[in-house]
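Peer 1:
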Amino acid sequence: LIVEVLSPSTEGIDRREKLRAYRTLPGLKEYAMVSQDECRVELHRRRGDIGWDIITFEPGDTVELASVELALPIADVYFESGVACSA
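Residue numbering for the sequence shown follows the numbering used here, beginning at -7 and increasing consecutively.
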């Protein structure tokens, strides 16, 4: 599992170059990109050898990270961050 908090200045790099590089790591099962500006987590989850699923979590959702058997409300991800996360 790799979790990245997106920065406005590097978000493009994170979504292109880093994502492409991370997807080549054979042991990587999930890559989560956490928005810094809005209540949104984008999760890229490996589907075996056939590709990747992209799952988006928004206000009211439970973020499910299967690779580490963790599920938590998205509001907990943004706790005390100043980002509004109410559904």
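Heads up, the beta-carbon is just placed ideally off N, CA and C, and yes, glycines get one too. Note that the structure is predicted; figures quoted are calculated from it, not measured.
What separation, rounded to the nearest whole angstrom, lies between the Cα atoms of residue 24 and residue 35?
Peer 2: What you label residue 24 is simply residue 32 of the sequence shown in a count that begins at 1. What you label residue 35 is simply residue 43 of the sequence shown in a count that begins at 1. C-alpha separation (whole angstroms): 4 Å.
Peer 1: Using C-beta distances below 6 Å, list every residue in its chain close to residue 26, excluding the 5 sequence neighbours before and after it, in chain order.
Peer 2: The residue given as residue 26 occupies position 34 in the sequence shown. So the list reads -3, 33, once near-sequence residues are dropped.
Peer 1: Just how far apart, CA to CA, sit residue 0 and residue 60?
Peer 2: Here residue 0 refers to the residue found at position 8 of the sequence shown. Here residue 60 refers to the residue found at position 68 of the sequence shown. Distance between the alpha carbons of residue 0 and residue 60: 28 Å.
Peer 1: Between 31, 57, 44, which has its C-alpha nearest residue 16's C-alpha?
Peer 2: The sequence position of residue 16 within the sequence shown is 24, counting from 1. Nearest of 31, 57, 44 to residue 16, Cα basis: 44.
Peer 1: Which same chain residues, not among the five before or five after residue 69, have their C-beta less than 7 Å away from its C-beta?
Peer 2: By one-based count along the sequence shown, residue 69 stands at place 77. Only 26, 33, 55 meet the Cβ criterion.
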